[in-house]
Structure formats: structure tokens, C-alpha cells
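S.K.: To start, I am sharing the structure in question, which I have written as C-alpha cells.
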Amino acid sequence: MQSSKEKEQTLTRLKQFFRMSSRAGGSRDRHEWCLTMELEKELRPETPVAQRCKTLKELGEIVAKNQLQENLVPKLWDLTKDLIVPNKPAEQRQVALMFYCRLIQGQYKDLGMMRSHFFHVIQEHDVTEDLPYRLDLLKALTLNGKDIGHFEEKIGKFMLDWMHPIVEARLTKGFLEMLINVIRYNTAYLDKDVIIGILNNSCTLSCTIDDTATVLSCLSVLDTVIRYAIFPDEALPWVIMALCRTVNCEVYCQNAWQIMRNLLGTDLGHAALLQMCNILNERQLHHDAPLLRGAVFHINMGVWGSSSSAANTLRCTPSMVLLSFLHSLRSGHMIVTYEVTLSIQRLIQNQGKEVSEPTWDVIIDILTQIAKNNAGSNLPKDHIIQKHFHDTIDMIEELIGSIAADPEKIYALIEHVCQDRPESSVLNLIEYRATRIRASKPDSLQELYEFIDCFYKKMPTSKIRVHAIKALTQVMEVNRAAYEEEILDQVVMEQFCNVVHENDLTVRMAVAELLIELSKNCETKRCLELFDIMERMIMRQYDMSHHAEDYIFTSRDDTKDIQVLVEGLIKVFHIKLYRLPSSHAIYIYHMLINFLEQHYAKPKRYENTSAIRHIIFEWMLKARANASYHIGYPDSSLNGQIRYSHYLGIEHPTSGPLSTQSSVSQSESSATSIPNMNYTLIPIRKGCKLIVKCLELEKDWNIIQLVLSELPNILENRALIQGNDVDFLTRTLHKMYVDKRFIETVKNVTSSKPPITTDLQILLLPAIASAATYHQHLDVTTQKIIVDVLKQGLVTKAIRICVHALTVLLLEIPKLLIGMLPDVLYELSKLSSTTQTAAPVLEFLSTMNRLPSQKFANFVQHDCMYVFAIALPYTNPYRFDHYVVSLAHHVVAGWFLKCRLERRADLVKYIIMGLQSNVKLPIQEKTRKYNVDMAALENEDSSNRKRSSSLTERGSKMSQDAQTQAQPLVAFHLELVETCIDFLARHTYSLCSALPKRMPAADFLLNGGQHMTWLVGNSLITVTTSGCSVTPLKNGLCDKCHSILPNHTLSKSESTTSSVLPTSPESNLSSRNEPEYATGRRYTKASFQMSSTNESDVSTDVTSSSSSALNTNANSGTQDKFFRQSSQEGRFSSSSSLEALSRRGSNPDQPSSEGYESQKHQRDVHPTLQAP
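Sequential numbering of the sequence shown, starting at 3, is according to this note's numbering.
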């Protein structure tokens, strides 16, 4: 019975056959073409050759596309067969062969017995020049090897004999592709000797030719034979050797392994494995390194290297092939050694825990032989073979205890290569020794001393010494509670007291980490001894005599030990800050400060390595002090909140000067002088002076950038800065700002892009602005310097900071800034109006408005114009928000009042022009654009519109909604402008207030009286009744009013109406001529004038905001909509910001209840005293 695989192959062939038949059957629908007499005459031998060739070329396209008449193919052959005679010119032969190729392609289904004839032509036409055309003809005749009908018995032998000429003609790729199809689709017609010959030639070709495509095609031939033919045993050695050699090339590796995997999965798998083992064991083949390496690779992958079906089929144990690996290593080839190393590594990785003990013995022997080969070749430690070899040993070490290997052999192997082993291997031994050290045992301290002496002092390898130091740290952690003092005294101090003379940087770093860890929890005097060792290590580069004065560190790696010490000391400082004794933290502070002082005394030494200084300054600039002058630092456990020390504080004015402590004994004596023994002062002034020195002498851009960026933050902490020379700091910052050559001396070590002056100024301006808050501690000259710098900073990117600082100075030291205001305003007038600068600039101007007018007595006309020039661009409603626009109007109005009366008339025209250009014109432009778009939409021809009317309607509706939503905004800004115009008109020629002042007599009569206010046109009308001096007793009324009340009782409807809405004084008069629904309407100025003559019996105090001639002309003469907006449009007006300066109402042309409700000031009026 057929297997499932054979059934699938048969089914696939049937599908291909029926597809071929369907394609052939579909061609019968083509037009049938007949050979005419004229064409037949042109093809006959008596016709000139050139004419015949031309006709054949033209006829080739016809026969390829049309179906020929029956028996026309033999006829065309008879007419043209003389053209392919070998003695004919090559051009004639090739034209004829090309014609036959097109003829076969077009008439493939009707060839019949002509197929055999054409194959015979290909077989017998032995002309070297025509070999490509013969190959193309054979491809067309066989459908590229798929159909060999009528010549099945001949093609196998022919193709085998044809391989050598094909290879010589460099046509191998196309030929092998056709050969693969012949084997795949017609393997039953190929004899065994043909297949053996094909395999032999393919193997030879794959190992001798350099063309990648050809070699891949040869491998495909081998793969096809294994898949579709019966593989002959005689060809197995050739195929094995070919696959072992080609697998060494990266391009063919995957293909060669896939073929070998398929071969190992057949019934010849064990024979192939045996053949490869024989190759490894045969001494005569040990000279062929690629062959040995390929055999090792295939055995490795086939037995344990992959999870393929081949490994499952072979079912071989590693012990069956490992001895062959050991024999191959004796060849001495490093490439074979490398492959065996990878194979053993993969074996341990995949099956390490399942390998038996005898197999482990062979593996250890193989690794030992690999070590000998590596040593004999003098391979460097970083060689890839060494790397994989030591990785393999690392895996074995990790598996110790869980495998059946003998630990003694494993450690013997490690000892054999201990000089080349990484620290992890030797660490196992160190850890083994370290775990056996117990302080409770007798002579444990001596044992620990000898342990450190052996692995730290005597071992030449730095990594082993480092791990010995780390092992000491672990021992210390275990025995700290009981034997900390003894270990520090007898081991640490004895072994590491002279570490300052150690030349190995890595070892110094490890010792630094050890000392840091030991000092974190040490609270005895031994901690100061540890600090002394660390201080000598930090100052090593300045104290060692072997360093010349001009020695310069060029790399950051050269100072890693100092960087580790500094970082560790800062961590210890954060720990000791909240513990006693405080002398430990003070010692660390002096240690780090002294290092910076030494650097700036000899800056050449560390000028190229700024990391250490960056760390120290970053730590210093994070310090903060609370109101009690306790020092604190951000605590990561508290989400960055400042945690203050209970035991350490800074100098403050009440504590008096504190002398610099040069030693621990001095710090302890100063602590004893304070009544509180647990509170110690730290001399912070020394660090502040060092920061100023950094700004003067530092040449590294990263350090300068750090200090300047943190200065504004630290200057906010007044408790920390108080008592320091802020004036000197400010003058230093100013010197950096004005010195144009300072930036040329600064270099950026971490970047190739050098800093520029603008970068420095952007960092300096916030610091100088922050220093301005200490103006009471600054000289007058320094204060002027700050103002000059801030004035220059107005043209930089830090404009907001400069304006805010100027605002603060204007409030705190106005006397200084008033004299410089014209220059400041001039600089501000040159700035572009942007949203970023709008708020600070306007707030500065608004603050300036609050100053007394006498402060601006020296202002000239241009100085006044500067304010308007600055503020008016910010009234544009389409560029700025409500706050900015309203504030700009407020500044314009306020500053207008500050100007002298004789200058105001000249300023009005300029202000109105500015309002028109910034408010009116943008609004008109937006309105005009909207009207044009709507008109174009309404007048659009229906043929140009989209078919879906809903889209047009939706767009029109969206435009209308946008316009409707914009109307309140437009009304808001127009109302704001109109308010400003009215304000200018009122105060251009007078200094009177908007609210008239009562006479003393009127004030006496109206005091205590009730009043009511109405909005009438553009006026607020307030009617106040005379007061009553009698105390109210009855229902809130006096006796006289209570007696009059029954005679003037109002109807229920009238009292209801009066309680709901206060009526105008002329309500009764107007109700005669207006319908009932208009009684609640606001009254115009004309109606008020008509009714005011009837109110003489009531004492009134009327305040009206009538406009001047300028405003009257604007409203009635020009009839400009800009100055005549309805109160309905202005119902969202926010002109209340000018309420203290002017009061006005809505336009009287279109009254609005909303405007009435928003601006009325209502109080209840006694019913008996209400005006008729």
C-alpha cells in the first residue's frame, strides 16, 4: 500500500496534469492560421537567406499566437530544416532555432510525434555556439522539464552527458532548474546509473564552483533526489562529503543542513551518521579541516542539536559519537576545535542534566583537549573560541550539584585554565572559602586576614582582588553586630591603610565601595578613620609626588574611583545628616568642599573631567533651610519632599560667626559651645563662596549650566542665603553677562556643539532676576546693574522672567526704577505682541498705573506714547483672550488719566486709530469674509453643487452656527471699544470725576434716604428721596409715614408690579401712549427729558454719563456701526474693569432687558415715597 506521503504526491501530479490539460484545451479557441502560397514561397530554400530569416522572425509571432492548420508543423520543418545545418552561418541557425522555439510554444498541444523529432534535433545538433538556443528549445519542448513525452527513455542519459558542456558554457543555473523538474515530475523514467551520475556531478560541481546560484541549484538537485527518487547507496559518500563542505559557507549552511536533515530522516540515516563518524576517526582525512568541521556540525545537529524529526528517528545517545569528536580534536585544526566547542556547549545546554556519568567523563576529556589546543595556538583571551570554551565551563559550574559529573574533575579543569578564567569561576572558590569563615570560630580573624592577604594582595588579577574585597563586605555584614570593631581594627585598617598607593583603578574603586559601605552604619570613632582613608584617596591626585604639576586627566574613566567616593560620600552624608554624631556629616562636607577648593587652585588637573564637580555642585545646590535654620535635603522616600535634620543647622544672624573647622576636633569643640549638645552648626558660607568662585573660574559648560539653572531655586530659600554676600554674587553674574569673551573660554566636553552667548544669557537672566529680590542687601550700583541687565534681557527668550522681575522692582524699589522707566518702556515698545509676552507686559503696565502721578512728572510726550504703543496691539480680539484684551483696555484708560491734561487731546487720535486697526478692521474683515462666503454659497449654480444636498445644508448650518456663536464675542469687544471711546471723550478736556460730588446741604437732606437707579439710554439715572431722621417703629415706618399710608394704599396689581420691577419716573406718562406690553421697557433719553420736568417735587440726585462732542459726532454724524452697536450685542460686555473710571450704558437705539439686569443697582423704595 502507498504511504500518505506518496498519495499526496500522486494527487499533486494529477492536479498539475489536469491544469495542464485545461490550459491546453483553452487554446483551441484561437484562430486557425493557414500558410499562404506567398509565405511558403518565401520560406523555400531557393529564396534568399536574408528574406527567409526576416520571414521567420515575422512568422514566429504568428505561430506563437495562432493555431496552425493540421500537418502544418511538419511542413514548416521541411521548409526550414536546411537552415540549421552546422555549416550554415550562426545567424541563420539561431534564427531557425528561435523560430522552432516559438513554434513549439504556440503549438505545444498539437506537436504529437514532432516532439520526438525536435528532441532528436536538439540531441544531434552538436554546435557549441548554438548551445543556449538548444537549451531554450529543450525547455520549451519539456515545459522546463515537466513533460518528457515521446522521449522518456532518452532524456535522462542525454542530460547526464550534457552537464559538462553546459557547465563549460556557463548555463548551469537554467539547466539545473530544468533538471530539478525532470527529477521531480519524471523520476520513474530515470535509471539508477543516471541518478548516480547526476548526484556525482552535482556534488563535484557544488564543491568546485564559486557561483552562489549554481551551488544552490546543485544542492537543490541533491534535495530533489532525496525527496522524489530512490536514493542510491553508492552515492552516499559523495553526498555526505559535499554537504559537509558546503555547510561551512554561511550562504549554503541552511540549505546543506536541511538536505542532511532529510537524509538522516530516511532509512539511510544511520549509514550517513556512521559515514560522518568514520570521517572524524580516519587520520588520513585529518588534513581536510572543512570536511571535519562539517561532519562535526551535522552530527551535532542531527543527534542533539535540534528538535527535528531526524534526531527522533536516529535515537542515538551522545556517547556514541563523542569519542569521534575527541579523535577529531587531535588534528589540531582550530576551526574543528571551534565547532567541537559549540557542539559540546549545545549538548550541555540541551541535555546537560540527562547526561550519564561516563558521558560526562568524555565531555571533560574533550574540554581538556580543547584547552590544550587553545594554549598551543596562543589564542588571545577575547578570541571567540576562548569565549565559547569558557561559556561552556560557566554552564558546567552552574549545573554543579544537579548533574552526574565528578566535581573534582570539573575543578581540575578550572584550575588548568585559571589564568584565563573570568572572575565568576574563581569567585566560586572565593565564595566557598568565605562561607567557611565564621567569627565565632577560633582564629577566625586570622583566617579572614589570610584570606584577604591571599586573594587581594597576592593575586595579580584585578577582578579576583575585587571579588575578594566584595567577599569581605559579605563577611562584615554577617558579623557586624558582634565583631565590627575587631574586623575594622585587625583586618580593614591593616590591609587597606595604604590603598592610596594602589595603581589599579578597579581595585581602588572596589576599596572605595567597601569603605563607603562600612561607614554607612559605623557610629564609632573608627568611622573617622575610614573617612581619613577616603580623604587621602580623594586628594590622591594632588598629594602624590609622582604626578607632575601639569598632569591632566583626559578621560572620565581615569577618575572613576574619585567619582565613586564622591557619590558614596554624598549618600553617607544623607544618612549621617539625620543621625548623631553630627561630626561625621560635617567631616564629609569639609572633605568635598576642600576638593573643590583644590581644583580651583589647580584647575588644569581636572579641566577635562567635570563629572565629579557636577555631582558635588548638584548635591550642594539641593540643600535647603527651614525657618529654624535646620538644613535639609529632598528625600526620595517622601516623594522628593524636603526632610530637615534635627541635629545639624546653618549659621544665621542670631548664632554669630562660626569659624571654619579644619578638623574633626574643631567641629566637636564648636558643638560643645552650643547649649544644645545635639545641635551643631555647619559653615554654609564656605560653600556659597565656592559657588561664586565656580562662576568666576569654571570653564566647563555643563557645570555652569547646572549652577545657573539651580541658582533661582536656591535663591528662593532666604533662610539658606541670608548672611551671604549676595551683592558679590550679583556682580559676578553681571560680569558674566556683559563679558562677551567669557563664552569663548567655555567648552562643552560632552557635546561637539559649543555654547553660544544666547545660551549663557538665558541661564543668567533668571538668576539675576532672582537676585533682585535681595535688593535690600544690594548696593545702589548693583541695583542699577540688575535693571540694566533686565532691560537688555527684554530682547531675549527670557522676556517673561525679565518683565516679572521689573514688576517686582517697580513695587519694591520704585524710586530707582522710575528714573529708568522711559528706557524700559522704549525697549518694551520694540517687542512683538505675542501671546507669551502679553500677560507679563500688561501686568507691568497695570502695576505702573498704580503709582502716583507725581512719579511720572519727568515723562515727555514720547514716553506717554510708548505705553499706548505697547498696550494697543493687545486689544486685537482674534489674537488674544478676554483677559489680555480687557487688561489692555484697562491699561489704556488708566494711563490716559496719568497723562497731563494738555497732552490728552493729542493722544486721543492715536488711541482711536490703534483701536480701529486692532479691533475694528479685524472684525470687519471677518464679517466681510463670512458674507462673501455665504453669498457665494447661496448663488452657487445647482449644477456645481454636490448631489447630496444634506452636505451643503450641513455646511451652511455650521457656518451660521459659527457666526451666531461669534456674535457675542464681537459685541463684547465692540462694547469694550465703545466704552473706551466714551471714556476718552469724557476725560480729554477735564479732570472731573464721573460721579458728581454732592453739596453739604444736599448730602444732609438725602442722607439716610432711599434711592433707585435706572438705565436710560447711555445714562444711569439715580433718584434719591430725602431721608427721615425719626427712628422707624411700626412695621419699619415712622409715625408720620404710618399715618399717611392708609390714604395712599396701592392696588394689589400695582404693588405686585412695583415689587417685581422698579419703574422709571416717567412710567405713568409713557403708559398713556404705549401698549400694555411695553410698560416694562427701558426708556430713551428723550422720554426721560419729557418726564423730568414733572419731577421737581421730589429731590433727586441724577448722575448721567453724557458724551462729549467727539463722541456725538461719531454716533450721529458718521452713523458708523463701529460706534453704534446695540445693547443686545453687548450683553456679555465686561467693561466693569473700567467701572472705577467711567460708567456708561447700552445704545439707546435697541433697549435690552439683559443689559438692564446686568448694570442696574437696585434698592427697595418705600411705596408711599415712590415717584408717580
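Think of the CB as a built atom: it goes at the ideal place given N, C-alpha and C, for glycine as much as any other residue. Everything numeric in this text was worked out from a predicted model, so none of it was measured.
1. Under a Cβ-count criterion, where at least 16 other Cβ atoms within 10 Å of its own Cβ denotes burial, should Leu813 be classed as buried or exposed?
2. Buried or exposed: which applies to Ala483, given that a residue is buried once 16 or more other Cβ atoms fall within 10 Å of its Cβ?
3. Check whether the segment 695-715 touches the segment 764-780, counting contact only when three or more Cβ pairs, one atom from each stretch, lie closer than 8 Å.
4. Can you tell me which of Leu1007, Phe870, Cys982 and Leu192 puts its alpha carbon nearest to the alpha carbon of Leu830?
5. Write down the C-beta distance between Tyr191 and Glu155 rounded to the nearest angstrom, noting that I regard them as a contact closer than 8 Å.
6. Are the beta-carbon atoms belonging to Ile242 and Ala274 less than 8 Å from one another?
7. Work out the CA separation of Val249 and Gln256 for me, nearest whole Å.
8. How about Ile618 and Leu594: are their beta carbons less than 8 Å apart?
9. Report yes if the C-beta distance between Ser330 and Val342 is below 8 Å; otherwise report no.
10. Go ahead and pull the three-state DSSP assignment for Leu735.
11. Measuring alpha carbon to alpha carbon, tell me which residue in Phe101, Leu78 and Asp781 is nearest Gly62.
12. Please give me, in chain order, every unbroken run of the beta strand (DSSP E) with length at least 3 that falls completely inside the segment 489-551.
13. Can you tell me which residues form a DSSP beta bridge with Gln371?
14. With a threshold of 16 other CB atoms inside 10 Å of the CB of Cys804, please say whether the residue is buried or exposed.
15. Measure the beta-carbon distance from Pro842 to His884 and round it to whole angstroms, keeping in mind my assumption that it falls under 8 Å.
16. What is the DSSP secondary structure of Val468, counted as helix, strand or coil?
17. Alpha carbon to alpha carbon, what distance is there between Cys36 and Glu44?
18. DSSP has Leu636 in a bridge; who is on the other side?
19. For Cys696, count neighbouring Cβ atoms within 10 angstroms of its own Cβ and tell me buried if that reaches 16, exposed if not.
20. Can you look up Thr1026 in the DSSP assignment and give me helix, strand or coil?
21. Would you list the residues sitting across from Ala627 in a DSSP beta bridge?
22. Who are the Cβ neighbours of Glu433 in its own chain at under 8 Å, not counting the five residues just before and after it?
23. Out of Phe985, Ile925, Cys103 and Asn380, point me to the one whose CA is closest to Ala142's CA.
24. Between the C-alpha atoms of Lys624 and Pro382, what's the straight-line distance to the nearest angstrom?
25. Assess, as a yes-or-no matter, whether the segment 409-416 is touched by the segment 438-457 under the definition of 3 or more beta carbon pairs within less than 8 Å.
26. Using beta-carbon positions only, say whether Val196 and Leu162 come within less than 8 Å of one another.
27. When we look at the beta-carbon of Ala800 and count the other beta-carbons within 10 Å, is it buried (16 or more) or exposed?
28. Answer with buried or exposed for Asp193, where buried requires no fewer than 16 other C-beta atoms within 10 angstroms of its C-beta.
29. So, is Gln421 buried or exposed, given that buried needs 16 or more other C-beta atoms within 10 angstroms?
30. Rank Asn352, Asp563 and Ile372 by C-alpha distance to the C-alpha of Val338 and give the top, closest one.
31. Can you name the start and end residues of the beta strand (DSSP E) that Ile684 belongs to?
32. Could you pull out every residue in the same chain whose Cβ sits closer than 7 Å to the Cβ of Val566, ignoring the five residues on either side in sequence?
33. Which ranges would you report for the alpha helix (DSSP H) in the segment 237-306 if only whole runs of at least 4 residues count?
34. Taking the C-alpha atoms as reference points, what is the distance between Ala987 and Tyr876?
35. In terms of alpha-carbon separation, which member of Trp259, Met278, Cys279 and Phe233 lies closest to Thr268?
36. My output table needs one value for Leu1017: the three-state DSSP class, helix, strand or coil.
M.R.: By the coordinates alone:
1. Under this definition Leu813 is an exposed residue.
2. That one is exposed.
3. Yes: the two stretches touch, three or more of their Cβ pairs being nearer than 8 Å.
4. For the residues Leu1007, Phe870, Cys982 and Leu192, the minimum Cα distance to Leu830 belongs to Phe870.
5. Taking a contact as a CB-CB distance under 8 Å, the pair Tyr191 and Glu155 counts as one, their CB atoms being some 7 Å apart.
6. Cβ atoms of Ile242 and Ala274: closer than 8 Å.
7. Rounded to the nearest angstrom, the two C-alpha atoms are 8 Å apart.
8. Yes, the Cβ-Cβ distance between Ile618 and Leu594 is below 8 Å.
9. The Cβ-Cβ distance between Ser330 and Val342 falls below 8 Å.
10. Three-state result, Leu735: helix.
11. It is Phe101 whose Cα lies nearest to the Cα of Gly62.
12. Entirely contained in the segment 489-551, not one beta strand (DSSP E) run reaches 3 residues.
13. In the DSSP output, where bridge partners are listed per residue, Gln371 has none listed.
14. By the neighbour-count rule (16 or more Cβ atoms within 10 Å), Cys804 is buried.
15. A Cβ-Cβ distance of about 17 Å is found for the pair Pro842 and His884, leaving them out of contact under the 8 Å criterion.
16. Residue state, collapsed to three classes: helix.
17. Each residue's alpha carbon lies about 15 Å from the other.
18. The sequence given here places Pro at residue 636; Leu does not occur at that position. Answer by DSSP bridge pairing, in chain order: Ile644.
19. So Cys696 ends up on the buried side.
20. If DSSP states are grouped into helix, strand and coil, Thr1026 belongs with the strands.
21. Partner(s): Ile633.
22. Annotation for Glu433: Ala473 place their beta carbon closer than 8 Å to its own, counting only its chain and skipping 5 residues before and after.
23. Closest in alpha carbon position to Ala142, among Phe985, Ile925, Cys103 and Asn380, is Cys103.
24. Near 49 Å, if we compare the C-alpha coordinates of Pro382 and Lys624.
25. Taking a cut-off of 8 Å on C-beta distances, the segment 438-457 does not touch the segment 409-416, as fewer than three cross pairs fall below it.
26. Yes, these two residues count as a Cβ contact at 8 Å.
27. Ala800 should be labelled buried.
28. Burial call: exposed.
29. Per the 10 Å Cβ criterion, exposed.
30. Cα-wise, what sits closest to Val338 is Ile372.
31. The continuous beta strand (DSSP E) containing Ile684 extends over residues Thr682 to Ile684.
32. Exclusion of the five residues before and after Val566 leaves Met511, Ala514 and Glu515 as the residues of its chain whose Cβ lies within less than 7 Å of its Cβ.
33. The alpha helix (DSSP H) runs lying completely inside the segment 237-306 and spanning 4 residues or more are 238-248, 252-266, 271-283 and 291-302, given in chain order.
34. C-alpha separation (whole angstroms): 22 Å.
35. Ranked by Cα distance from Thr268, the options Trp259, Met278, Cys279 and Phe233 are led by Phe233.
36. Reduced to three states, the DSSP call for Leu1017 is strand.
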